[in-house]
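Everything on this sheet refers to the single structure shown next.
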């Protein structure tokens with residue numbers, strides 16, 4: 017692969033900046049109008065492919081799959097960074113009627129977003145977040161780029177999968193979930209599918225609203241705490257196994273140590289800039305700083321684990337859980353507002369960076385050349401940081417117009433209403449009661465399967481069709497492997513990548529049209 021440093025190549029840097037601007041605008045527009053943030057990786061890759069087809073010498077460079085990988089990294093980082101890590105958090109104080117908190121929170125979440133992406137870069141391809149794990153959207157982006165570069169049978173399989181993904185999405189079938197079932201860990205995805213189905217059918221079949229009883233939240237609390245303990249145990253373990261990674265445990269410990277200090281510093285500055293010292297005693301203020309840092313760290317790790325195994329990351333739901341626990345601790349509304357925005361900002365950039373690095377890992381030969389792989393990751397980090405730096409002033413400029421028109425991300429209103437409502441009777445008991453089975457399931461599955469976290473992820477999302485898509489996909493995967501063995505694995509995974517890419521393309525353009533129709 018060609019080694020291209022975007023900082024030293026003006027043409028490539030300009031394209032990355034333009035894609036970052038486009039990605040940020042797309043993310044801001046969609047999260048405020050319809051409440052979703054589509055995966056734009058495929059759009060960035062396709063844009064670079066189109067540039068490569070222009071019959072001019074200046075555009076020949078864009079035939080490089082390395083540059084196409086940088087293009088998809090930049091646009092997806094800008095989309096998720098602008099929408100999920102920046103705009104959504106600062107909408108919480110606005111929805112609460114506390115506009116004076118917008119600026120300090122914006123500074124805090126901007127720093128948290130940059131730290132978030134850097135941490136995933138340092139933790140990628142470790143025993144905690146192995147490059148060999150699923151990261152399904154990353155696989156889809158890589159297969160699309162490879163197919164465009166090589167053509168032939170693989171390209172036709174991918175095209176067939178993309179068509180199937182688009183048609184299925186038009187029929188309201190979540191084809192990303194269906195495609196993921198062919199790529200991810202079967203045990204983890206089975207629990208995700210079970211969670212989807214339990215959430216969807218508990219009320220119509222058994223008359224039980226598990227969300228109102230905070231059952232999913234309790235399961236995630238228990239599973240998440242055990243998952244964090246398992247992460248520590250994996251890092252400290254000296255056991256040798258067949259897993260080959262490019263970063264050792266000492267590097268992981270240094271990264272996590274730096275991240276811990278970073279989050280504590282950011283949360284302390286947030287508390288100071290937000291004026292919490294005037295509302296809270298010293299002991300409560302110190303507790304807030306430590307809890308906010310822990311919650312932000314836990315949020316990104318749990319979101320990253322779910323994203324790695326399934327392609328789904330319940331960032332908003334997990335942030336809501338940390339908010340509810342903060343309410344139970346007794347933090348005042350201003351502190352809860354800062355806590356909610358800060359924790360919600362961590363996770364999306366972390367997960368999306370994992371997808372992008374997985375795509376690069378595949379395109380660079382799955383780590384066959386370690387020096388090439390490490391170089392490629394560093395350049396991808398530069399591309400992502402360019403996107404984030406571009407997104408920060410864009411979001412700050414745009415938020416005044418959107419907020420003035422009362423265009424806020426819907427989930428920000430949910431957080432604001434939760435803070436205003438305070439703790440409901442029985443929440444603490446339900447969280448504690450359902451944390452126990454969540455912890456047990458996570459413990460049984462171990463750190464490689466993440467059964468508890470994936471079950472809780474499914475329970476937090478009300479999507480029956482996604483549940484059936486996962487179950488049917490897993491059943492077909494088992495049948496294909498039984499009949500064709502390993503010969504069927506590669507075509508199956510290319511088709512699955514097409515399903516995910518087709519779903520992403522349809523969702524992207526459908527969201528754009530839906531957004532335009534609301535203006």
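In the working numbering, the protein residues as written are 17 to 535.
Ideal Cβ positions, reconstructed from N, Cα and C, are used throughout, including at glycine.
Keep in mind it's a predicted model, so treat the numbers as computed, not measured.
Secondary structure of residue i, DSSP reduced to three states
{"i": "residue 329", "result": "coil"}
{"i": "residue 198", "result": "coil"}
{"i": "residue 145", "result": "strand"}
{"i": "residue 140", "result": "strand"}
{"i": "residue 338", "result": "helix"}
{"i": "residue 261", "result": "coil"}
{"i": "residue 53", "result": "coil"}
{"i": "residue 25", "result": "coil"}
{"i": "residue 423", "result": "coil"}
{"i": "residue 217", "result": "helix"}
{"i": "residue 134", "result": "helix"}
{"i": "residue 296", "result": "coil"}
{"i": "residue 114", "result": "coil"}
{"i": "residue 188", "result": "coil"}
{"i": "residue 229", "result": "coil"}
Cβ-Cβ distance between residue i and residue j below 7 Å
{"i": "residue 152", "j": "residue 223", "result": "no"}
{"i": "residue 489", "j": "residue 198", "result": "yes"}
{"i": "residue 367", "j": "residue 319", "result": "yes"}
{"i": "residue 93", "j": "residue 403", "result": "yes"}
{"i": "residue 44", "j": "residue 414", "result": "yes"}
{"i": "residue 519", "j": "residue 185", "result": "yes"}
{"i": "residue 314", "j": "residue 101", "result": "no"}
{"i": "residue 541", "j": "residue 473", "result": "Because the chain here runs from 17 to 535, residue 541 falls outside it and cannot be looked at."}
{"i": "residue 508", "j": "residue 496", "result": "yes"}
{"i": "residue 157", "j": "residue 323", "result": "no"}
{"i": "residue 59", "j": "residue 99", "result": "no"}
{"i": "residue 104", "j": "residue 428", "result": "yes"}
{"i": "residue 337", "j": "residue 236", "result": "yes"}
{"i": "residue 466", "j": "residue 325", "result": "yes"}
{"i": "residue 443", "j": "residue 230", "result": "yes"}
{"i": "residue 482", "j": "residue 190", "result": "yes"}
{"i": "residue 282", "j": "residue 124", "result": "yes"}
{"i": "residue 95", "j": "residue 56", "result": "yes"}
Nonlocal neighbours in the same chain, by C-beta distance under 7 Å from residue i, ignoring five residues either side
{"i": "residue 399", "result": "22, 32, 86, 89, 90"}
{"i": "residue 268", "result": "139, 142, 144, 251"}
{"i": "residue 353", "result": "108, 109, 112, 114, 117, 435"}
{"i": "residue 64", "result": "78, 83, 84, 87"}
Residue i, buried or exposed, once every other Cβ within 10 Å from all chains shown has been counted against 16
{"i": "residue 73", "result": "exposed"}
{"i": "residue 416", "result": "exposed"}
{"i": "residue 120", "result": "buried"}
{"i": "residue 384", "result": "exposed"}
{"i": "residue 450", "result": "buried"}
{"i": "residue 76", "result": "exposed"}
{"i": "residue 161", "result": "buried"}
{"i": "residue 249", "result": "exposed"}
{"i": "residue 380", "result": "buried"}
{"i": "residue 272", "result": "buried"}
{"i": "residue 377", "result": "buried"}
Residues of its chain near residue i, where Cβ-Cβ distance is below 8 Å and the 5 sequence neighbours each way are ignored
{"i": "residue 477", "result": "211, 212, 215, 328, 330, 333"}
{"i": "residue 510", "result": "159, 163, 170, 173, 174, 177"}
{"i": "residue 295", "result": "348, 350, 351"}
{"i": "residue 293", "result": "287, 301"}
{"i": "residue 410", "result": "37, 40, 41, 44, 98"}
{"i": "residue 526", "result": "185"}
Same chain, Cβ closer than 6 Å to residue i, neighbours up to 5 away in sequence not counted
{"i": "residue 242", "result": "455, 458, 459"}
{"i": "residue 122", "result": "106"}
{"i": "residue 195", "result": "512, 515, 516"}
{"i": "residue 419", "result": "110"}
{"i": "residue 265", "result": "251"}
{"i": "residue 246", "result": "463"}
{"i": "residue 311", "result": "338, 359"}
{"i": "residue 480", "result": "216"}
{"i": "residue 468", "result": "239, 454, 457, 458"}
Short CB-CB distance (under 7 Å) between residue i and chain B
{"i": "residue 243", "result": "Protein chain content of the structure displayed is limited to a single chain, and chain B is not contained in it."}
Residue i beta carbon near the ligand ZN (any heavy atom closer than 6 Å)
{"i": "residue 493", "result": "With respect to the ligand ZN, the structure offers nothing, as it holds no ligand at all."}
Any contact between the stretch 393-401 and the stretch 125-143? By contact I mean 3 or more CB pairs, one from each, below 8 Å.
yes
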